[in-house]
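In what follows, a single structure is set out as C-alpha cells and then discussed.
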Amino acid sequence: MGIYSKPVVLAVTSALVILIGTVVTVFVPMFMPSTQPVSAYVKPYTAIEQEGRDIYMREGCNNCHTQTVRPLRTEVLRYGEYSKAEEFAWDRPFLWGSRRTGPDLNRIGGKYPDSWHYRHMHSPQSMFEKSNMPPYGWLAENRLDTSNSFRKTQILGYGYSEAEVQQQIADYKAKVSAPDYDSKATRDQVTPEALRGDLTEMDAIIAYMQKLGRDVKAMEAMQ
Amino acid sequence: MAPFHTIFFINQIQEEGMNDTGYDYSVVKGFAFSALFWLVIGLVIGLWIAFEMFNPALNLTPWLSFGRLRVVHTNGLGLGFGLAGIFATAYYMLQRLTRTPLPFPGLAKAHLWLFNAAIAAAAVSLMAGLNTTKEYAELEWPLDVGVVILWVMFAVNVFAILIKRQEKQMYISLWYLVAMTVTVAVLYIVNNLEIPLTLFKSYSLYAGANDANVEWWYGHNIVGFIFTVPVLAMFYYFLPKATGLPIYSHRLSIVSFWSLIFAYLWTGAHHLMLTPLPEWIQTVAIAFSIFLIAPSWGSVVNGYYTLQGNWDQMRTNYLTKFFILGITFYGLQTLQGPLQGLRTLNAFFHYTDWVVGHVHMGTMGWVTMIISASFYYMIPKVTGRELYSVKLANTHFWLILVGQLAWTVTMWIGGIQQGAMWKATNPDGSLMYSFLDGLTSLYPYYRIRFVSGVVYFIGILVFGWNLIQTVRQAPSAATEA
Ligand code: HEM
Ligand code: HEM
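What follows is the structure in C-alpha cells.
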C-alpha cells in the first residue's frame, strides 16, 4: 500500500499528476506564437480608453457582457465580424466574459454616436423600457482620476511618453467639452454643470466603448 | 485482496472513534458556523441579484449594482461558505482518520480568525469595485497574498498531522484533501500573478488569449478542487459513518482518484469554446471532458453500491437521503458538463442561462447537500450534544431539494429558449429576434427562479436554526460518557 501510507510521496505524486495537463495545455502554449499573435492594425488603448476599461472592470460589466464574437452565422449577423486572437494582444486582463445577460460588446465601437451612450449609460430604461441593465448616471458625477494614467500605460507596455499621455488627456478633454462636440447636448444633460469642462468617468467609459472593435473595422476597410 | 480492504475500511471507519480524547474541535465548530454565516450572507446577495435580473430597481447604489454584487455572491459562497465548510470538515476528518490531535491548534485558531477577516475584507473590497475581473479570482493582490498565507497555515497542519499520524494507512478522504491542498496552491498562485499599480489595482501578467487560457484552466479547476475534490472527501468519510456501511470498492476509489485529478487539468478550455483560443487546446479539453465522466461516475457508483441491500436507509436514516441525492446531482452535473462542452452543443448553450442552471445544480444540490449532512453528523459529535431535531433536518432537506430543482430546471428551460432565440432566423436569413426580445422573454423564468431561491433559502435558515439549537442544548448523557 506504499504511497497511501506516505503523505509526502502522495503529495509530490499528485503535484506531478496535475502538472502534466497544466504544462501541455497552459504553460507550453504561453510560449507559442498562436496564443499571442500581434497585428500592426491593433493599437493599444489611449490613456483615456484605458481609464474607461478600468472603470468597466471596477463596475463588473464583464458579468453581463461578453467581448468575443464567435464564428457562428447568427452571431456574426448580430454583432459583426468574429473575434480574432490578435485583437486582444494588449488586453491585460482579457475581458471575454462567460455570460451574456447583455449583448456582446466586442464590435460596439462606432456602432452608435457618443450621445447614444451618454443617454444609455445614464438610464438604460429610458431607451429600452424593459432592459435590466443598472443605470450608471453617477459615473458622470465622478471626475476622472488621471493621476495614475501614465504609470498604467507604462505597466501595460503601451510605449507612450508622459507628454503623450498628458496630450491624450488634454485632447480628449478638449474634444468632449468643445462647443461643437456632436454629442454635447446629451453630455450636458447627464453631466453636472461643474464637471462639464472636465473629464468624468462617464466620458472615459464611453471612450473605451468606442474603441472596441474599431481597429478591426479599420483593417477591413483597408482590405 | 478484498478481505484485507474490508478490514482496513472497518478499522478506519468504525474503530477510530474509540480514541476520542485530545482532539481539538474548537476550530471545527468555528469553521462550521463561519460556513453557515457566509452561506446566509451569500444567499441573501444571491436573492438580491436574482431580483435585479428582472427588476433593476434594486441597483440602489454603486455598491449594490449587479456588476459588483454578482462577484460578492460567487466569492462569498465559493470562498466563504465553500472553503469554511471544507476547513471545518477537514480539521475534523484529519484528526479522526489519523487518530492524532491537531499538531498546531494555535495556528488553526489563527487560520480561523484570519479567514473570516479575509472574507469580510473580500466582500467589502468587491462591493467597492476592487475587482480584477478574472472569474473566481476577482480579489485584488493584497487579498491574494492573504489567501496564500491562509492556505499555507492550513497546509502546515495538514502535512504535520499526516506525518505524525497514529494510523498507518491513509483513508481515501485524506488523499483527496492532499490533492486539494497541493492543487489549489498551484492554481491560485499561477492565475493571480499580476503587476501592482497601487495597493488597490493591478494588471494581469498575461495578455489576451493567454490570459483567457490561464484563467479558465484556473476557473475550471478551482471549481473542481473546491466544489468536487474536498466534497468527495466528505462523501467518502461521512457516508460510511452516517450509514455504518463501508465504501463498496476501494479499488474503484483508487482508480477514480488518480484519473480524476489527472484529467481535470486538461479541460479548462471547454469554457473557451469557439473563442480565439487555438483550436487544438479546445479540442483537447473536449476529449478530456468526456473522459471525466468515468472517474466522476466511479464515485457515483461507489456511493450507490455502498447502499446495496440497505436502501431502506433512504427512509429510516435522515442523513442517507442527503448523501444519495447529493451524489446523484453530482452524477447529473458530470454528465451535463461534458455534453455542454461539446463544440456543437456549446455553440448553443454557452453564455445562456443553461450554464447558470448547471452551476446551481452543483452548488445548491451536490455541494450544499453533502456539507449539510456532514455538519449534521459532525456537529453533535464535536459538541457532545444530540441533533436538536431530525424533523427539522427533514424539512430542510425537502425545502432545499424542491427549491434547487425548481431553480435549476427553470434555468435550463430558460437557457434553451434564450439559445434558440439568439439563433432564430427569418426565411430571408435575417435575425428573428432582437437581443432585448430574448432577454425580456426570460423575465418570467427569472421570477420563478427568485421564488425557488426563497424556498431554498428558507431551507437553509432551518438548517442554521437546527444547528444553533443543537449547540445551545445541554450536553447529552450518551455522548458525554
Ligand atoms: C437562493 C439561492 C441562490 C440564488 C437566488 C442565486 C442567484 C444567482 C444569480 C442571479 C446568479 C447570476 C446569474 C447570471 O449572471 O445570469 C448567480 C451566479 C452564481 N452563483 Fe448563485 N444563487 C444561489 C445559490 C448559490 C449557491 C448555494 C452557490 C454556491 C455554493 C452559488 C454560486 C454561484 C456561482 C458560482 C455563480 C456564477 C455562475 C456563472 O458564472 O456561470 N449560488 N447566482
Ligand atoms: C465532469 C464534470 C464537469 C464538466 C466536464 C463540466 C463542464 C462545464 C462546462 C463545459 C462549462 C462551461 C459552459 C459554458 O460556459 O458554456 C461549465 C461551467 C461551470 N461548471 Fe461545470 N462541469 C462539470 C462538473 C461541475 C461540477 C460538479 C460543478 C460544481 C459543483 C461545476 C460548476 C461549474 C461552474 C461554477 C461553471 C460556470 C463557470 C463560469 O462560467 O463562471 N461543474 N462546466
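Note that the protein sequences, when read in sequence, are chains A and B. When the letters of the first sequence are read in order and numbered with our numbering, they come out as residues 1 to 223. When the letters of the second sequence are read in order and numbered with our numbering, they come out as residues 1001 to 1481. Beta carbons: idealized from backbone N, C-alpha and C, even for Gly.
If you measure from the beta carbon of residue i to each beta carbon in chain B, is any gap under 8 Å?
i	result
leucine 77(A)	yes
leucine 95(A)	yes
glycine 60(A)	yes
leucine 10(A)	yes
glutamine 36(A)	yes
alanine 89(A)	yes
tyrosine 4(A)	yes
glycine 21(A)	yes
threonine 25(A)	yes
arginine 107(A)	no
methionine 30(A)	yes
proline 135(A)	yes
proline 125(A)	Just to set this straight, residue 125(A) is glutamine in the shown sequence, not proline. For glutamine 125(A), the answer is yes, since a Cβ of chain B falls inside 8 Å of its Cβ.
Does the beta carbon of residue i sit closer than 8 Å to a beta carbon anywhere in chain A?
i	result
glycine 1439(B)	Per the sequence presented here, residue 1439(B) reads as leucine, with glycine not at that position. With 8 Å as the cut-off, leucine 1439(B) counts as an interface residue toward chain A.
threonine 1006(B)	Confidence is the limiting factor: at threonine 1006(B) the pLDDT is only 40, short of 50, which leaves the residue's position unreliable, though a coordinate-based value still follows. Chain A, which has no Cβ nearer than 8 Å to the Cβ of threonine 1006(B), makes this no.
histidine 1271(B)	yes
serine 1065(B)	yes
tryptophan 1422(B)	yes
phenylalanine 1375(B)	no
isoleucine 1163(B)	yes
threonine 1482(B)	Here chain B has residues from 1001 to 1481 only, and residue 1482(B) is not among them.
threonine 1363(B)	no
asparagine 1131(B)	yes
tryptophan 1048(B)	no
lysine 996(B)	Here chain B covers residues 1001 to 1481 and nothing more, so residue 996(B) does not appear.
threonine 1243(B)	no
valine 1284(B)	yes
threonine 1334(B)	no
glycine 1078(B)	no
Once you ignore the five residues that flank residue i on each side, which residues in its own chain have a CB closer than 7 Å to its CB?
i	result
asparagine 63(A)	Arg99
tyrosine 1388(B)	Asn1466, Gln1469, Thr1470 and Gln1473
phenylalanine 1066(B)	Ile1049, Glu1052 and Asn1059
isoleucine 1045(B)	Leu1069, Val1072, His1073 and Gly1076
alanine 1481(B)	Per-residue confidence for alanine 1481(B) stands at a pLDDT of 33, beneath the threshold of 50, marking its modelled position as unreliable; the derived number appears in the next sentence. None.
arginine 1449(B)	Ala1050, Trp1407, Thr1410 and Met1411
In chain A, which residues lie less than 9 Å from residue i when you measure between Cβ atoms?
i	result
serine 1289(B)	By Cβ distance, chain A contributes nothing, its closest Cβ being about 12 Å from serine 1289(B), past 9 Å.
methionine 1053(B)	Thr101 and Asn132
methionine 1411(B)	What methionine 1411(B) touches in chain A: nothing, since even the nearest Cβ is about 12 Å away.
proline 1380(B)	What proline 1380(B) touches in chain A: nothing, since even the nearest Cβ is about 29 Å away.
valine 1071(B)	Gly60 and Asn63
isoleucine 1222(B)	By Cβ distance, chain A contributes nothing, its closest Cβ being about 12 Å from isoleucine 1222(B), past 9 Å.
leucine 1436(B)	Pro103, Phe128, Lys130 and Ser131
Leaving out the 5 sequence neighbours to the left and right, which residues in its chain are closer than 8 Å to residue i when beta-carbon positions are compared?
i	result
alanine 1179(B)	Phe1225, Val1229, Phe1257 and Ile1261
tyrosine 1218(B)	Lys1134, Tyr1136, Ala1137, Leu1187, Tyr1188, Val1190, Asn1191 and Gly1268
methionine 1421(B)	Met1432, Tyr1433, Asp1437, Gly1438 and Ser1441
Residues of chain B with CB closer than 8 Å to the CB of residue i, please, in chain order.
i	result
tyrosine 158(A)	Neighbours of tyrosine 158(A) on chain B: none; closest Cβ ~11 Å, over 8 Å.
arginine 99(A)	Tyr1351, Val1355 and Val1356
Residues of chain A with CB under 7 Å from residue i, in chain order?
i	result
tryptophan 1366(B)	In chain order: nothing, as chain A lies at least about 20 Å away.
alanine 1179(B)	Ser14
valine 1214(B)	Val26
arginine 1068(B)	Glu59 and Gly60
What does residue i reach in chain B if we use C-beta pairs closer than 9 Å?
i	result
asparagine 148(A)	Leu1197, Thr1198 and Lys1201
glycine 80(A)	Within chain B, no residue comes near glycine 80(A); the closest Cβ sits about 13 Å away, beyond 9 Å.
threonine 74(A)	Trp1422, Lys1423, Ala1424, Thr1425 and Leu1431
valine 17(A)	Ala1179, Trp1258, Ile1261, Phe1262 and Leu1265
glutamine 223(A)	Simply none; closest approach about 19 Å.
arginine 92(A)	Glu1194, Ile1195, Tyr1203, Ser1204, Leu1205, Tyr1206, Ala1207, Gly1208 and Asp1211
Please list the partners that residue i has in chain B, where partner means a Cβ-to-Cβ separation under 7 Å.
i	result
tyrosine 45(A)	Simply none; closest approach about 12 Å.
lysine 84(A)	Pro1276
tryptophan 138(A)	Pro1062
threonine 278(A)	Nothing can be reported for residue 278(A), as the shown portion of chain A is limited to 1 through 223.
methionine 57(A)	Asn1131 and Thr1133
What residues from chain A crowd round residue i, counting only those whose CB sits closer than 8 Å?
i	result
phenylalanine 1159(B)	Pro7, Val8 and Ala11
alanine 1347(B)	Arg70 and Leu72
Excluding five sequence neighbours on each side, which residues of the same chain lie with their C-beta closer than 6 Å to the C-beta of residue i?
i	result
alanine 1108(B)	Val1027, Leu1102 and Asn1157
lysine 173(A)	Leu199
Using a threshold of 7 Å, is the CB atom of residue i nearer than that to any non-hydrogen atom of ligand 3?
i	result
serine 1441(B)	As presented, the structure is devoid of ligand 3, carrying ligand 1 and ligand 2 as its sole ligands.
Check your understanding: Taking any Cβ of chain A, which residues in the segment 1193–1211 of chain B have a Cβ under 8 Å from it, in chain order?
Key -> Residues Ile1195, Leu1197, Thr1198, Lys1201, Tyr1203, Ser1204, Leu1205, Tyr1206, Ala1207, Gly1208, Ala1209, Asn1210 and Asp1211.
Review point. Taking any Cβ of chain A, which residues in the segment 1133–1162 of chain B have a Cβ under 7 Å from it, in chain order?
Key: Thr1133, Lys1134, Glu1135, Phe1159 and Leu1162
Practice item. Return the residues of the segment 151–182 of chain A that lie within a Cβ-Cβ distance of less than 8 Å from chain B, sorted by chain order. Key: Near chain B, meaning a CB-to-CB distance below 8 Å, the residues of the segment 151–182 of chain A are Arg151, Lys152, Ile155 and Leu156.
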